[in-house]
Amino acid sequence: MARAFLPDGRRFVALLDEGERAMLSGLMEQTRVILSPEIEPTGDAFADVVASMGLSLAAQDQRTEVDTDADAAHEQHADDSVDGAAGRGGDGSDDGAEALGDDLTDRDPALDRLLPTAHRGDDQVAAEFRRLTEEGLRQRKSANLDVALERLAAAYDDRVELDAEQAPRFLMALTDVRLLLAERMGMRTEEDAEALHAAMEVISDEDPLGYAMAWYDFMTWLQETLTSALMGEPFDRDLADDEDDDAADDEDDGGRQV
1 MARAFLPDGR RFVALLDEGE RAMLSGLMEQ TRVILSPEIE PTGDAFADVV ASMGLSLAAQ
61 DQRTEVDTDA DAAHEQHADD SVDGAAGRGG DGSDDGAEAL GDDLTDRDPA LDRLLPTAHR
121 GDDQVAAEFR RLTEEGLRQR KSANLDVALE RLAAAYDDRV ELDAEQAPRF LMALTDVRLL
181 LAERMGMRTE EDAEALHAAM EVISDEDPLG YAMAWYDFMT WLQETLTSAL MGEPFDRDLA
241 DDEDDDAADD EDDGGRQV
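Under the UniProt record's numbering, think of the first position of the sequence shown as 1, with each following residue one higher.
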């Protein structure tokens with residue numbers, strides 16, 4: 001049976017049994033796959049930032065014979081401009097805007113929950129902002145999930161331990177998994193959440209929706225306990241007091257708390 005995250009010295013510790021860890025790991029792996037960066041990091045921070053903007057560091061090396069090709073490039077640009085105007089039907093409208101819209105509508109809705117549109121009023125502005133920022137956000141979220149998966153795999157005697165740096169990243173990983181699960185269940189608004197909880201009263205035990213909702217609620221609880229622990233306010237004060245009493249008993253007995 002799970003036990004809330006509680007402060008333990010400079011660490012934060014929860015008890016999660018093997019089945020709970022396996023389920024959390026599976027959900028995190030699924031989220032990690034959806035978030036997998038389209039551009040794999042190279043290890044060079046600057047190169048990765050440039051790549052995430054759709055640019056290439058090799059561009060400087062490709063500028064050979066610029067002077068001899070300048071006139072031809074200029075002529076080609078002029079021809080392209082004429083063709084482009086024809087493609088717009090002569091009225092200045094750009095068919096490329098429709099392509100940008102197609103890119104957005106073809107995305108997995110769950111991905112849009114994880115990487116929300118920054119500017120909802122203008123598809124072109126939103127697409128440009130996404131181009132400049134999305135890869136970096138994918139990489140950061142994926143890295144958080146990697147940390148959480150590593151800590152779940154490293155659990156000993158059902159103890160999941162986080163240090164001060166890992167705890168916020170584990171928290172953000174839980175947030176993203178909950179967003180994914182909420183989208184899969186169709187939970188997008190407060191009204192959706194209320195309707196789903198009401199449905200739990202009448203659905204059968206075999207209904208997959210009930211299973212998914214139970215895990216969503218479990219992760220919500222786990223996230224709340226970690227948030228409280230990070231704020232120095234144990235989610236369950238009685239449980240925290242029991243832990244202190246157990247530690248005192250161990251010291252009196254000359255034992256060591258594992």
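Glycine residues also receive a C-beta, built at the ideal position from the N, C-alpha and C atoms.
#### Entry: Residue nearest to L162 in terms of C-alpha spacing, selected from M1, V13, A4
V13
### Task
Could you tell me which of R10, M219, E201, E194 sits nearest to R178, measuring between CA atoms?
M219
### Message
Under DSSP, the beta strand (DSSP E) around E190 begins and ends at which residues?
### Response
No beta strand (DSSP E) contains E190, which is instead part of the alpha helix (DSSP H) from 190 to 199.
### Message
From the DSSP secondary-structure annotation, give me the bridge partner or partners of V13.
### Response
L6, E161
### Query
Do D157 and L114 have their C-beta atoms within less than 8 Å of each other?
Not closer than 8 Å, so no.
### Query
Which residue's Cα is closest to the Cα of L137: E191, P208, R32?
R32
### Task
Rank S228, E190, S142 by C-alpha distance to the C-alpha of L111 and give the top, closest one.
When each option's Cα is compared against that of L111, the closest is S142.
#### Entry: Best match in S25, H197, A155, A2 for proximity to N144 [C-alpha to C-alpha]
S25
### Query
Using DSSP with H/G/I as helix, E/B as strand and the rest coil, what is V66?
Interpretation of V66 is limited by its pLDDT of 40, a score under 50 that renders its predicted location unreliable; no figure is taken from the coordinates.
### Message
Considering just the uninterrupted stretch of the alpha helix (DSSP H) at V202, what are its terminal residues?
### Response
No alpha helix (DSSP H) contains V202, which DSSP labels as neither H nor E.
### Query
Which same chain residues, not among the five before or five after A167, have their C-beta less than 7 Å away from its C-beta?
F12, L226, L230, listed in sequence order.
### Query
If you count every other CB in all the chains shown that lies within 10 Å of the CB of V160, and 16 or more means buried, which is it?
buried
### Task
For D10, count neighbouring Cβ atoms within 10 angstroms of its own Cβ and tell me buried if that reaches 16, exposed if not.
Asp is not the amino acid found at residue 10; the sequence shown has Arg there. Burial call: exposed.
#### Entry: Contact belief for M1 with L149 at Cβ below 8 Å, rounded distance in angstroms
Contact flag wrong, Cβ pair sits at about 22 Å.
### Query
In whole angstroms, what is the alpha-carbon distance linking A22 and Y211?
Between A22 and Y211, the C-alpha separation is close to 15 Å.
### Range of the contiguous alpha helix (DSSP H) that encloses A155
First-last for A155: undefined, no H or E at that position.
#### Entry: CA-to-CA distance, E201 to L222, given in whole angstroms
23 Å
### Query
Taking the alpha-carbon positions, what's the residue 263 to E128 distance?
Absent from the model: residue 263. The displayed extent of the chain is 1 to 258, so no value can be given.
### Query
What residue does the alpha helix (DSSP H) around M23 start on, and which one ends it?
M23: member of the alpha helix (DSSP H) spanning 18 to 35, first to last residue.
### Task
Specify the secondary structure class of M219 as computed by DSSP and reduced to three states.
helix
### Task
Run the CB neighbour count on P174, radius 10 Å, all protein chains shown included, and call it buried at 16 or more, exposed below.
It is worth fixing the name first, because residue 174 is Leu in this sequence and not Pro. Buried, since its Cβ has 16 or more Cβ neighbours within 10 Å.
### Task
Measure the alpha-carbon distance for A4 versus E194 and round it to whole angstroms.
25 Å
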